[in-house]
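What follows is one structure encoded as structure tokens, with my remarks underneath.
2 protein chains.
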Amino acid sequence: MTNIKEIAKRAGVSPSTVSRALSGKGYVSEEKKRRVLAVAEEFDYAPNLNALSLKTGITRRLGLVAPAFIESVSLFTGGFVRAAEENGYTVTLFMTGSDVSKEVEALEALRRKQVDALVFVMFKSDLSLIASYTKYGPIVSWQRIIHPNIPSVFMNQYDGYTIALEHLYARGYRRICNIYGSPTRLNTQSRIDAFRDFCAKYELDPLACPSFDDMGNPSHGEQMVRWWLENGQIPDAFATTNDRVAAGMVAEARRLGLRIPEDFAVCGFDNLDFADMLDLTTIHYPVNEQAGNAFSIIRSRIEEIELPLRPLKFHLVQRSTT
Amino acid sequence: MTNIKEIAKRAGVSPSTVSRALSGKGYVSEEKKRRVLAVAEEFDYAPNLNALSLKTGITRRLGLVAPAFIESVSLFTGGFVRAAEENGYTVTLFMTGSDVSKEVEALEALRRKQVDALVFVMFKSDLSLIASYTKYGPIVSWQRIIHPNIPSVFMNQYDGYTIALEHLYARGYRRICNIYGSPTRLNTQSRIDAFRDFCAKYELDPLACPSFDDMGNPSHGEQMVRWWLENGQIPDAFATTNDRVAAGMVAEARRLGLRIPEDFAVCGFDNLDFADMLDLTTIHYPVNEQAGNAFSIIRSRIEEIELPLRPLKFHLVQRSTT
DNA sequence: TTGTATGCGTTATCAT
DNA sequence: ATGATAACGCATACAA
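Line by line, the protein sequences give chains A and B.
Start counting the first sequence at 90; every next residue gets the next number (our numbering).
Start counting the second sequence at 90; every next residue gets the next number (our numbering).
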């Protein structure tokens, strides 16, 4: 509504003086400063951020790109928004539904200067496509990738998965069945490596139980329980790709009258909210801290400063399913 | 980087012709249009949205204000973002942690034209404070309030709660204990009314069991189970304020070796994701649709058009806890 | 159909 | 210490 020129007229000074008085940059006499501030107050002045963005080329807005706002994505979003707001940035959402064309829209928003930088929580586009937009602003990824221009705040799940396996071993389980996620993900490969090394260490047969790929939903967990019943009930423990699969197993086992951990143990991964409600043993994945690091990387690039990253560690949360 | 003036020079036309060619508004010959488009493509032209916002006074950005991004808030956010993006709007997040000063920051963002409108998912500020910002743009609320300038997309929970009570009655429960949320919320009052009318209809004594106020977390649910054990085990069913409290009850009952629904029944409210995993009977609350309506109200005000709102209905989701 | 000129609100540069 | 002026990138009223 009311702009700097208006305030200048009312206060009997020039627009530049008003600008200086309000921003605190540059010289301005105490008397005029007081007058300007009073007039600005009186006429309900508020700076127009679009003009500022145009002038400076900086929006202090960051884009967050995710397929949907469920569970761990929400957790990441919360952590990222908190870090951003603490430092005077604002976060704009881009929800893709795993649709590549929507991902491009987010990239275009960066190109058109709607945001200063982007964080991709999860994506499907070719890495090279995303990388071609880094010339418009910093881009970081949560999803584990390796690219010279796109830092990723991933954690190597080798360590976390090893914690799960060691825990199961310590509890006496020897016939462990692995339920993996997407085989194309680097994290899946890390888990496979962890299991191989674990078996070698304790001289277990890695092929004693079959493994399963591409699991991720509660329904997959339910499926696994039925598989267990119908195929000799061999495994005495399941190490799962995430808490959702584990939750599906727990729910289905209960419906079928099976007892956990007596019939078989289940270990989740992530430690989402509902893991507590289901009393699920799981591996805590510090999503909040990863989000904070994602922001720090972005900020350090935008403001050209060095910022420390918080070290990240998995840990076991033991509950009643093991 | 490259702007309209630059393209104009390269294409041998005036900036306004470029503007017209790119926007499709106004007359421009086919030949020049082709030339301009080719040059724009070649020089990687992208319009600067900040300049556009400054010029037009419209950002096509909406602010969403919420305390944190957990559970039903995430659900609402997802629905709102989807609706917004489908219509060419973008959503910026303001996370308040229930801190009033953070809510003011969101209001200020509206005043400073960083966003065109705001939706308050939940808030603590005085309604009059929020209302004083409606002169800067539309503001709508999910939280149930009544104010002439701030539409709310609430649903009257009288209906939903009645569905829960009728279901419990039909399943044979007669000693129903109400676990309410914050007593200052209008929705709590609606539920109290629903229970009163329900008791009258079936000639039940409304005071047969005590009611509880201000519950909301799983820990409150755990507390309720212990209360039940220590105080004569009177109620045969609990109608809870939300799924989180219900989940706490289910988890604690399991730990204590109680059987649900034999020892007592539990009915949740909301039908969040984990309700399915816990096999919780609950009342489905169409959050997505409410978010869509919130967006429609905002859009109708911004674009000054009439938009229909989707009718909303609760329904029962019967699972194994009743 | 096209081009010129102006303004959106702000800040930075440069005189004064 | 202060003010005039230009510039950020775009759209549009108006003239041609």
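We put the CB at the ideal spot given by N, CA and C, even for glycine.
At least one CB of chain A closer than 7 Å to the CB of residue i: is that the case?
i                 : result
Ser163 of chain B : yes
Lys290 of chain B : no
Ala380 of chain B : no
Lys202 of chain B : yes
Ala383 of chain B : no
Val180 of chain B : yes
Asp188 of chain B : no
Phe301 of chain B : no
Pro227 of chain B : no
From which residue to which residue does the alpha helix (DSSP H) around residue i run?
i                 : result
Phe421 of chain B : A query on residue 421 of chain B cannot be resolved here, the shown segment of chain B reaching from 90 to 411 and no further.
Ala354 of chain B : No alpha helix (DSSP H) contains Ala354 of chain B, which is instead part of the beta strand (DSSP E) from Ala354 to Cys356.
Asn139 of chain A : Leu138 to Thr145
Gly168 of chain A : Glu160 to Glu175
Phe212 of chain A : Element bounds for Phe212 of chain A: n/a, residue is neither H nor E.
Phe384 of chain B : Val376 to Ile391
Thr179 of chain B : That residue, Thr179 of chain B, is in no alpha helix (DSSP H); its beta strand (DSSP E) goes Thr179 to Met184.
Leu196 of chain B : Val189 to Arg200
Ser103 of chain A : Here Ser103 of chain A belongs to no alpha helix (DSSP H), and DSSP marks it neither H nor E.
Ser308 of chain A : Pro307 to Glu319
Val117 of chain B : Run containing Val117 of chain B: none; DSSP gives neither H nor E here.
Ile234 of chain B : Unbroken run through Ile234 of chain B: none, as it is neither H nor E.
Taking Cβ positions, are residue i and residue j nearer each other than 7 Å?
i                 : j                 : result
Phe158 of chain B : Gly167 of chain A : yes
Ile386 of chain A : Val162 of chain A : no
Pro375 of chain A : Leu398 of chain A : no
Asn331 of chain B : Asp359 of chain B : yes
Val210 of chain B : Thr181 of chain B : no
Tyr247 of chain A : Ser221 of chain A : no
Pro307 of chain A : Arg333 of chain A : yes
Asn139 of chain A : Asn139 of chain B : yes
Leu207 of chain A : Gly146 of chain A : no
Ala328 of chain B : Ile265 of chain B : yes
Leu257 of chain B : Ala336 of chain B : no
Thr273 of chain B : Val355 of chain B : no
Arg109 of chain B : Val128 of chain B : no
Ile281 of chain B : Cys298 of chain B : no
Leu143 of chain B : Leu111 of chain A : no
Asp352 of chain B : Arg408 of chain B : no
Lys114 of chain A : Val102 of chain A : no
Lys213 of chain A : Ser190 of chain A : no
Ala135 of chain B : Arg201 of chain A : yes
Asn267 of chain A : Phe287 of chain A : no
Ile372 of chain B : Ala253 of chain B : yes
Thr185 of chain A : Glu192 of chain A : yes
Measure from the C-beta of residue i to each C-beta in chain B and report whether the shortest distance is under 7 Å.
i                 : result
Ser142 of chain A : yes
Ala206 of chain A : no
Met366 of chain A : yes
Ala157 of chain A : yes
Pro400 of chain A : no
In the DSSP assignment, find the beta strand (DSSP E) that holds residue i and state where it starts and stops.
i                 : result
Ala206 of chain B : Ala206 to Phe209
Phe327 of chain B : Ala326 to Thr329
Thr371 of chain B : Thr371 to His373
Arg150 of chain B : Arg150 to Ala155
Val406 of chain A : His404 to Val406
Name the chain B residues that come within less than 8 Å of residue i, Cβ to Cβ?
i                 : result
Met184 of chain A : Gly167, Val170, Arg171 and Glu174
Show which residues of chain A have a CB atom less than 8 Å away from the CB atom of residue i.
i                 : result
Thr148 of chain B : Asn139
Pro307 of chain B : Asp365 and Met366
Pro136 of chain B : Arg201
Counting only Cβ pairs nearer than 9 Å, list the residues of chain B close to residue i.
i                 : result
Phe209 of chain A : Within chain B, no residue comes near Phe209 of chain A; the closest Cβ sits about 16 Å away, beyond 9 Å.
**Request:** For the segment 324 to 350 of chain A, enumerate the residues whose C-beta is nearer than 9 Å to any C-beta of chain B, in chain order.
**Result:** Arg333, Ala336, Gly337, Val339, Ala340, Arg343 and Arg344
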